[in-house]
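Participant: Have a look at the structure that comes next, please.
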Amino acid sequence: MQKLFSSYTLGNIELKNRIVMAPMTRCRALGNIPNDLIASYYEQRATAGLIITEGTSPSPNGLGYARIPGIFSDAQIEGWKKTTDAVHGKGGKIFVQFMHTGRMAHQHNLPQGAEVIAPSAIAASGQMYTDSQGMQDHTAPRAMTAEDIVSTKKEFMKSAINAISAGFDGVELHGANGYLLEQFLSPSSNQRTDEYGGTIENRCRFVLEVVESVGQAIGMDKVAIRLSPYGVNGGMVPYPEINDTYTYLASELDRLGILYIHLVDHSAMGAPEVPMAIKQIIREKLQNTLILAGGYSKETAERDLQNGLADLIAFGRPFISNPDLVERMQNDWSINSNADFNTFYSADEKGYTDYPAYKAE
Ligand SMILES: Cc1cc2nc3c(=O)[nH]c(=O)nc-3n(C[C@H](O)[C@H](O)[C@H](O)COP(=O)(O)O)c2cc1C
């Protein structure tokens, strides 16, 4: 029997299929507030078993990119209600991804009074886009003090409570792709000499404390995390103790009762492959759900569900250009593989809500 289209119980929610829409930053949140356009985009894709929103900041300091949404203000909570109502109205489920950009930021993208902060004062390599001055080098971060660590954890907690008020079914913490949480995990971005840096236990401490605080705030059955071992986004580099770091992290996340780990392999996008050994270690350590993502087709998704490697499979780019991806896969209709890169991060409906469903083509 095919697994991809079968239902799945995730904690205390029932998913109608095992297809997850991967989190994708789309930069349509003018003023960092989710709007009607964003609600329509997710509503169009609500046949996915689970939608994970674009990276959404729990703090003004985490709004490193232009036009990404937040979830720390009342206006943002109200804005997100439009999306959660629209998705739930179509029988879908939706988690919000908490993305604190840390050093993957430019000061011009941040609101007034906010600061680029990171575990250590080491700038991310490369450049990023700003609406006011085009491409710019990443701003060098200020190293977080002990007080910043405490206040940032509180921001995650408060935002998790906001997420539940906004109607989300749960929260996925972005521990992948070189953002704040991964900046703590990796010795290349974390050179702290206090209890948050150095040993594996110390580098994992901030991530685990955030998971624990968010779990205390909303219940661990609503808290999940995304990880990308071997990812190179944001100047991340593999390090000798990388497998041991993720082995320890996975067992601690399991001990805390994390709802799922969402493991992303960006080799389809040019990053080194996540070795099968580390996928299997995480699978073994984790009693709860494992989601895999990165370069999947209907066939490879079904294969990895059948062989027990994953419980759910996330699709990213195919959901950009196919609002009805689930129906297309279910009916063996053709898939539009021409997602237009030029409108991935632009500001309006073009390349966002105007991809047609199959029947309308
Ligand atoms: C436009 C775009 C934006 C993305 N933004 C995010 C993001 O906000 N958070 C995240 O964890 N991954 C993000 N990703 C990565 C995707 O979630 C996914 O892992 C990646 O596209 C690989 O899956 P795919 O081959 O199915 O597209 C983004 C990818 C794309 C194409």
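If you're matching positions, the sequence shown starts at 1 in the working numbering and goes up one per residue.
Ideal placement from N, C-alpha and C gives every residue a C-beta, glycine not left out.
Identify the continuous alpha helix (DSSP H) that holds residue 246 and give its terminal residues.
Facilitator: Position 246 of the sequence shown, counting from 1, holds the residue named residue 246. Unbroken alpha helix (DSSP H) run through residue 246: 242 to 256.
Participant: I want to check one thing, is the minimum distance from the CB of residue 178 to the heavy atoms of ligand 1 below 8 Å?
Facilitator: Counted from its first residue, the sequence shown places residue 178 at position 178. No, the Cβ of residue 178 stays beyond 8 Å of every heavy atom of ligand 1.
Participant: What whole-angstrom Cβ distance do residue 93 and residue 305 have, given they're in contact under 8 Å?
Facilitator: As a first step, residue 93 is located in the sequence shown; it is residue number 93 there, counting from the start. As a first step, residue 305 is located in the sequence shown; it is residue number 305 there, counting from the start. Not confirmed; about 18 Å, so no contact.
Participant: Taking 9 Å as the cut-off, decide whether the C-beta atoms of residue 264 and residue 231 are in contact.
Facilitator: One-based indexing of the sequence shown puts residue 264 at position 264. One-based indexing of the sequence shown puts residue 231 at position 231. It is a contact, given that the beta carbons lie within the stated cut-off.
Participant: Grouping DSSP H, G and I as helix and E and B as strand, with all else coil, what is residue 236?
Facilitator: As a working mapping, residue 236 is identified with position 236 in the sequence shown. Secondary structure of residue 236 (DSSP, three-state): coil.
Participant: Roughly how many whole angstroms lie between the Cα atoms of residue 281 and residue 131?
Facilitator: In the sequence shown, counting from the first residue as 1, residue 281 sits at position 281. In the sequence shown, counting from the first residue as 1, residue 131 sits at position 131. Approximately 42 Å between the Cα atoms of the pair.
Participant: So is residue 216 buried or exposed if we call it buried at 16+ other beta carbons inside 10 Å?
Facilitator: Here residue 216 corresponds to residue number 216 of the sequence shown, with the count starting at 1. So residue 216 counts as exposed.
Participant: Less than 6 Å between C-beta atoms, sequence neighbours within five positions excluded: which residues of the same chain meet that for residue 101?
Facilitator: For the purposes of this step, residue 101 is taken as residue 101 along the sequence shown, with counting starting at 1. The answer, listed in chain order, is 62, 64 and 179.
Participant: Quick one, what's near ligand 1 if you take every residue whose CB is closer than 7 Å to any heavy atom, in chain order?
Facilitator: 22, 23, 24, 25, 26, 54, 55, 97, 99, 174, 176, 177, 226, 264, 266, 268, 269, 293, 294, 295, 296, 314, 315, 316, 317, 318, 320, 344 and 345
Participant: Are there 16 or more other CB atoms within 10 angstroms of the CB of residue 89, so buried, or fewer, so exposed?
Facilitator: Residue 89 sits at position 89 when you count from the first residue of the sequence shown. With fewer than 16 other beta carbons inside 10 angstroms of its own, residue 89 counts as exposed.
Participant: In terms of residues, what are the limits of the beta strand (DSSP E) holding residue 174?
Facilitator: Numbered from 1 along the sequence shown, position 174 holds the residue referred to as residue 174. Its beta strand (DSSP E) spans residues 170 to 175.
Participant: Take residue 252 and list the residues in its own chain whose beta-carbon comes closer than 6 Å to its own, dropping the five residues that flank it on each side.
Facilitator: The residue given as residue 252 occupies position 252 in the sequence shown. Closer than 6 Å at the Cβ level, and outside the excluded window around residue 252, lie 208.
Participant: Given a cut-off of 9 Å on the beta-carbon distance, is the pair residue 218 and residue 260 in contact?
Facilitator: The sequence position of residue 218 within the sequence shown is 218, counting from 1. The sequence position of residue 260 within the sequence shown is 260, counting from 1. No.
Participant: Pull up the CB-CB distance for residue 285 and residue 247, whole angstroms please, since I reckon it's below 8 Å.
Facilitator: Start at 1 with the first residue of the sequence shown, and residue 285 comes out as number 285. Start at 1 with the first residue of the sequence shown, and residue 247 comes out as number 247. Their Cβ separation, rounded to whole angstroms, is 7 Å, which keeps residue 285 and residue 247 in contact under 8 Å.
Participant: Which residue from 188, 257 and 329 puts its Cα closest to that of residue 122?
Facilitator: As a position in the sequence shown, residue 122 is number 122, starting the count at 1. Looking at the Cα atoms, 188 is the closest of the given residues.
Participant: Going by Cα to Cα distance, which pick from 151, 129 and 223 is closest to residue 163?
Facilitator: Within the sequence shown, the letter at position 163 stands for residue 163. Residue nearest to residue 163 within the set 151, 129 and 223 is 223 (criterion: CA-CA distance).
Participant: Just tell me which of 193, 37 and 330 has its CA closest to the CA of residue 354.
Facilitator: Along the sequence shown, read from residue 1 onward, the residue named residue 354 stands at position 354. Closest option to residue 354, Cα to Cα, is 37.
Participant: Please go through the same chain and pick out, in chain order, the residues whose beta-carbon is closer than 6 Å to the beta-carbon of residue 46, but skip the five residues on each side of it.
Facilitator: The residue labelled residue 46 in the question sits at position 46 within the sequence shown. 87, 90 and 92.
Participant: Taking residue 26 as the reference, which of 275, 7 and 69 has the closest Cα?
Facilitator: The residue you call residue 26 lines up with position 26 of the sequence shown. Nearest option by C-alpha distance: 69.
Participant: Let me know the alpha helix (DSSP H) ranges lying completely inside the segment 88 to 134, each 4 residues or longer, listed in chain order.
Facilitator: none
Participant: So, are the CB atoms of residue 67 and residue 110 less than 9 Å apart?
Facilitator: Residue numbering aside, residue 67 sits at position 67 when the sequence shown is read from its first letter. Residue numbering aside, residue 110 sits at position 110 when the sequence shown is read from its first letter. Against a cut-off of 9 Å, the Cβ pair of residue 110 and residue 67 comes out as no contact.
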